[in-house]
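Position 66 (the sequence shown) corresponds to 66 in UniProt numbering; numbering is contiguous. One structure is given below, encoded as structure tokens.
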Amino acid sequence: MTLAKAAGAHLTVRSSSWHLSGDDVWLSKLDYEGKEVDYRRLDALAHSIADSAAGGIEQADVMCAIEAPSLSHSDVVNQLAAQARLHDLTILDAGPRTFDLDRKTIEKALFLSGRPVIAVPPGYAAFATQRVVVAWDGSAQAARAANDAMPFLRAAEAVKIVAVGEEEEIQGSPLGAELAPHLARHGVNVTVNDTSVSGGVADTLRAEAALFLADMIVMGAYHHSRVQEYFFGGVTRSLLARSAIPLFLAH
Numbered sequence: 001m002t003l004a005k006a007a008g009a010h011l012t013v014r015s016s017s018w019h020l021s022g023d024d025v026w027l028s029k030l031d032y033e034g035k036e037v038d039y040r041r042l043d044a045l046a047h048s049i050a051d052s053a054a055g056g057i058e059q060a061d062v063m064c065a066i067e068a069p070s071l072s073h074s075d076v077v078n079q080l081a082a083q084a085r086l087h088d089l090t091i092l093d094a095g096p097r098t099f100d101l102d103r104k105t106i107e108k109a110l111f112l113s114g115r116p117v118i119a120v121p122p123g124y125a126a127f128a129t130q131r132v133v134v135a136w137d138g139s140a141q142a143a144r145a146a147n148d149a150m151p152f153l154r155a156a157e158a159v160k161i162v163a164v165g166e167e168e169e170i171q172g173s174p175l176g177a178e179l180a181p182h183l184a185r186h187g188v189n190v191t192v193n194d195t196s197v198s199g200g201v202a203d204t205l206r207a208e209a210a211l212f213l214a215d216m217i218v219m220g221a222y223h224h225s226r227v228q229e230y231f232f233g234g235v236t237r238s239l240l241a242r243s244a245i246p247l248f249l250a251h
């Protein structure tokens with residue numbers, strides 16, 4: 001809501017719950033009844049979230065549509081990707097428990113929508129982008145993320161490009177320095193830090209973001225494709241599972 005109000009944007013709040021589907025008929029009676037109880041609890045939670053959002057939106061004076069559909073799990077995933085194509089940006093909960101339970105929803109929202117996603121960690125109340133880290137490795141995914149995030153980068157007080165690579169790569173090609181002039185021409189207040197990997201790319205990015213007091217990390221999302229299914233690459237998956245600040249992801 002903070003972001004929608006600041007941008008003068010229209011907001012769609014979608015709080016979906018799951019219901020029993022044809023796939024569940026093969027469950028034992030005990031398992032079926034257990035799932036039914038869980039789904040009723042999810043339905044009550046979804047409507048509670050929708051009601052809470054309605055109250056917050058009224059106070060924030062934001063144009064908004066609120067939906068709380070009850071769908072099968074496959075429909076939740078597929079409809080989210082379809083709805084994401086009709087919006088500029090999708091914002092999703094990315095707490096460790098949520099990511100472990102429903103990673104496919106986040107993956108499809110990103111890889112099948114053609115739109116960027118902001119994954120927000122639990123407990124993150126007010127959205128801010130005063131200080132932003134751009135993860136850069138010269139790839140098409142990183143370029144797409146930097147381009148899609150340009151409104152946030154222009155509005156930020158400070159942007160830091162973190163080019164993460166092996167030591168020989170950093171010494172041989174100043175990757176971050178190649179992106180900096182492009183961002184500066186768009187009015188971005190940008191600095192560069194080319195850093196070698198120590199302890200893994202995800203850990204290095206987390207450490208650099210913490211040192212910079214960053215509000216958000218912008219990065220390209222990598223994937224592995226197998227039989228038309230998409231799976232996050234290791235760095236993306238690690239950051240989604242454990243990040244103290246929102247991640248702006250594009251593919």
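Heads up, the beta-carbon is just placed ideally off N, CA and C, and yes, glycines get one too.
- Two segments are said to touch when three or more pairs of C-beta atoms, one from each, lie closer than 8 Å; by this definition the segment 112-124 does not touch the segment 134-143.
- By the criterion of at least three beta-carbon pairs nearer than 8 Å, the segment 150-165 is in contact with the segment 123-141.
- Here T191 carries a strand assignment [DSSP, helix/strand/coil].
- Apart from the 5 residues on each side of it in sequence, E67 sits with its Cβ closer than 6 Å to the Cβ of R14 in its chain, given in chain order.
- Per the C-alpha coordinates, the member of D61, P69 and A7 positioned closest to S16 is P69.
- Contact between L239 and A202 holds, since their C-beta atoms are separated by about 5 Å, short of 8 Å.
- Rounded to whole angstroms, S243 and L89 show a C-alpha spacing of 20 Å.
- Per DSSP, F152 is one residue of the alpha helix (DSSP H) stretching across M150 to A155.
- Taking the Cα of F152 as reference, the smallest distance to any Cα among L183, V235, G176 and L179 is reached at L183.
- Per DSSP, the beta bridge partners of G220 are A250.
- Our two residues, S52 and K5, have alpha carbons roughly 17 Å apart in a direct line.
- Here T2 is exposed: its Cβ has fewer than 16 other Cβ atoms, across all protein chains shown, within 10 Å.
- Between L249 and M219, the C-beta spacing is below 8 Å.
- R41 sits in a helix when the DSSP states are folded into three classes.
- CA-CA distance, D75 to R85, rounds to 15 Å.
- Excluding five sequence positions before and after A119, the CB atoms of its chain that fall closer than 7 Å to its own CB belong to L92, A94, I106, L240, P246, L247 and L249, given in chain order.
- Under the three-state reduction of DSSP output, A4 falls in the helix class.
- Residue environment analysis places L213 among the exposed positions, since fewer than 16 neighbouring C-beta atoms fall within 10 angstroms of its C-beta.
- Looking at M63, P122, A221 and H251, the one whose alpha-carbon comes closest to that of T12 is M63.
- Residues of the same chain with a CB within less than 6 Å of the CB of D148, apart from the 5 flanking positions on each side, are P116 and A250 in chain order.
- By the Cβ neighbour-count rule, R185 is exposed, with fewer than 16 other Cβ atoms within 10 Å of its own.
- Spanning the alpha carbons of A156 and T191 requires a straight line of approximately 12 Å.
- One thing to note: R131 has its Cβ within 8 Å of the Cβ of D215.
- Between G187 and R154, the beta carbon gap of about 5 Å places them in contact (Cβ cut-off 8 Å).
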